[in-house]
Amino acid sequence: MSQPTNSNGQYVRRVTLPSGRQIEVVYFEPLAAEAAGQAATPAKEPDVDLSVCPDCDRDLVYPVDWEEASPTHWEVELRCPNCEWNEIGTYDQATVDRFDEHLDLGTDAMVKDLRRLVQANMEAEADRFAAALEAGAILPEDF
Numbered sequence: 013m014s015q016p017t018n019s020n021g022q023y024v025r026r027v028t029l030p031s032g033r034q035i036e037v038v039y040f041e042p043l044a045a046e047a048a049g050q051a052a053t054p055a056k057e058p059d060v061d062l063s064v065c066p067d068c069d070r071d072l073v074y075p076v077d078w079e080e081a082s083p084t085h086w087e088v089e090l091r092c093p094n095c096e097w098n099e100i101g102t103y104d105q106a107t108v109d110r111f112d113e114h115l116d117l118g119t120d121a122m123v124k125d126l127r128r129l130v131q132a133n134m135e136a137e138a139d140r141f142a143a144a145l146e147a148g149a150i151l152p153e154d155f
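For the sequence shown, the residue numbers in the numbering used here are 13 to 155.
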């Protein structure tokens, strides 16, 4: 959200990064000049799903790098690990926000899977240890 421009053409905008961290960016040029610069930069259509690879149609695309291109758009470098497709494009804030939410959901799913895997591995290890104790395969000298 931008604050009004002062007499020097300076304004402050709070930006939420794809990681969720918020920063304040101070601009020293008038909003009109920024809008004119944005008109010269072609933007991607707003309904683009950045998580889907346009080459292999897999839902694996992730951001490699990103930076603010204007007050309303981000320049994002994307990569697909399945087919090695990559692209740098400029996307509006709503598209980047949807992509960030999708990435957050994927992270949550991976963390849940990791926790289940760790739990299963610990249970299997405890069962093997208990079986070794019962079989007399572990002696006090082993410690």
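We put the CB at the ideal spot given by N, CA and C, even for glycine. From a predicted model like this one, the values you see are computed outputs, not experimental measurements.
| query | Looking only at C-alpha atoms, which of Asn98, His85, Leu115 and Ser82 sits nearest to Cys68? | reply | For the residues Asn98, His85, Leu115 and Ser82, the minimum Cα distance to Cys68 belongs to Asn98.
| field | For Glu79, the first and last residue of its enclosing beta strand (DSSP E) | value | For Glu79, the enclosing beta strand (DSSP E) starts and ends at Tyr74 to Glu80.
| Going by C-alpha distance, which of Val24, Val73 and Ser31 is nearest Asp109? | Nearest of Val24, Val73 and Ser31 to Asp109, Cα basis: Ser31.
| request: Verify whether the separation of the beta carbon atoms of Leu72 and Asn94 is less than 7 angstroms. | output: With respect to the 7 angstroms criterion, Leu72 and Asn94 are classified as neighbours on the basis of their beta carbons.
| task | Measure the Cβ-Cβ separation of Glu89 and Ile100 and say whether it is below 7 angstroms. | result | Less than 7 angstroms divides the Cβ of Glu89 from the Cβ of Ile100.
| task | Look up Asn133 in the DSSP assignment and say whether it is helix, strand or coil. | result | If DSSP states are grouped into helix, strand and coil, Asn133 belongs with the helices.
| Val76 to Ser63, Cα distance in whole Å? | When rounded, the distance between both Cα atoms is 12 angstroms.
| Got a sec? Which residues, its chain only, sit under 6 angstroms from Arg140 by beta carbon, not counting five neighbours each side? | Hits under 6 angstroms: none found.
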